[in-house]
Amino acid sequence: MSFLRPEAQRALTRWGETAIYALVTAAALWWIVADSALAGPWRWGLAGLVLIAGLLLSRSAALSALGRREASAPGVVNVDERRVAYLGPYQGGFVSLDELQAIEIWSADDAHFRQEAEWVLRGPAGEGALIIPVSALGSERLIDAFAALPGFSPARAFAALAAPPGETITIWRRSAGPARPALAGGAAAH
Numbered sequence: 080m081s082f083l084r085p086e087a088q089r090a091l092t093r094w095g096e097t098a099i100y101a102l103v104t105a106a107a108l109w110w111i112v113a114d115s116a117l118a119g120p121w122r123w124g125l126a127g128l129v130l131i132a133g134l135l136l137s138r139s140a141a142l143s144a145l146g147r148r149e150a151s152a153p154g155v156v157n158v159d160e161r162r163v164a165y166l167g168p169y170q171g172g173f174v175s176l177d178e179l180q181a182i183e184i185w186s187a188d189d190a191h192f193r194q195e196a197e198w199v200l201r202g203p204a205g206e207g208a209l210i211i212p213v214s215a216l217g218s219e220r221l222i223d224a225f226a227a228l229p230g231f232s233p234a235r236a237f238a239a240l241a242a243p244p245g246e247t248i249t250i251w252r253r254s255a256g257p258a259r260p261a262l263a264g265g266a267a268a269h
C-alpha cells in the first residue's frame, strides 16, 4: 500500500536520484560553511569542490531522468561493452557503437502505425537498421551510451524525442574520418 498517488510515485521514481544528489550536496555545503573547525581558504575550496561535484552528479541524474520513460513497448534493450542489443517479439538485433553510422528518431503520423517514437540505429552500409521503441524496457540507457560517440548531443536527442510525429530526425551521423582511432606509430586499427 502506498500513501502517494500514482503520478507522485512516477515522479519520485523518475526524479528521485536527482533530488537525492541535490539534497546531499546542500547538506554537505551547509555543514562545511557552518563548521567552525574549517577556516579560511580551506573552507571555501572544499565548499567549491563539493558544489561542483554535486552539480555534475545532479546534472547527470537529470539527463538520465529526462530520457527515462515508462516501459510500455514490448522488448528489452541491453547496453554492454559499447554494444547495443534489442530483443523484441517481432524483431531484434545488435549494433556496436564503433560500427554505428547514424542515429535517427522516427515517429509515425499515421493511424495504422503506433504513435510512439522509435530509435533507428544505422550500422555499416548494406546492413539493415536496428529499430528500438523509445519506451522499451532499458531504452533509458541509450542516451548515456550514445554520449560516448564523438559529436553526439543529448540535448538534440531530447529535442527530437519531443518533436511532433511524422518526421525522421537524424540526431547524429559519423564523420567521414576514420571510425577508429589510430594506433601509436601511425598504423590504423583494423
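According to the numbering used here, the sequence shown is numbered sequentially starting from 80. Note that CB positions come from ideal geometry on N, CA and C, so glycine has one too.
Using the C-alpha atoms, what's the distance from residue j back to residue i?
i    : j    : result
A268 : G95  : Model confidence at A268 stands at a pLDDT of 41, short of 50, so the residue's coordinates are unreliable; what they give is reported in the following sentence. Near 43 Å, if we compare the C-alpha coordinates of G95 and A268.
A27  : L135 : There is no way to answer for residue 27, as the model of the chain reaches only from 80 to 269.
G127 : L209 : 44 Å
T167 : A215 : Here residue 167 turns out to be Gly, not Thr, going by the sequence shown. Straight-line Cα distance between these residues: approximately 9 Å.
L240 : A234 : 10 Å
L130 : A238 : 28 Å
W123 : L108 : 10 Å
I222 : V158 : 11 Å
G245 : R201 : 19 Å
What residues are listed by DSSP as bridge partners for residue i?
i    : result
D159 : R162
W121 : According to DSSP, W121 bridges with nothing at all.
T247 : W185
Note down, in chain order, each residue of its chain lying with its Cβ closer than 7 Å to the Cβ of residue i, except the 5 sequence neighbours on either side.
i    : result
A141 : T97
Could you name the residues of the same chain whose beta carbon sits closer than 6 Å to that of residue i, not counting the 5 residues immediately before and after it, in chain order?
i    : result
T247 : E183 and W185
F231 : F225 and W251
L176 : R161
Here's a check: name, in chain order, each residue in its chain whose Cβ is nearer than 8 Å to the Cβ of residue i, leaving out the five neighbours to either side.
i    : result
I111 : L117, R122, L125, A126 and V129
Query raised in the report: What residue ranges within the segment 171 to 234 form continuous beta strand (DSSP E) runs of no fewer than 3 residues, ordered along the chain?
Result: 171 to 175, 181 to 186, 196 to 201 and 208 to 212
Query raised in the report: On the three-pair Cβ rule with 8 Å, is the segment 179 to 187 touching the segment 238 to 251?
Result: yes
Query raised in the report: Counting pairs of beta carbons, one from the segment 164 to 178 and one from the segment 210 to 230, are three or more of them closer than 8 Å?
Result: yes
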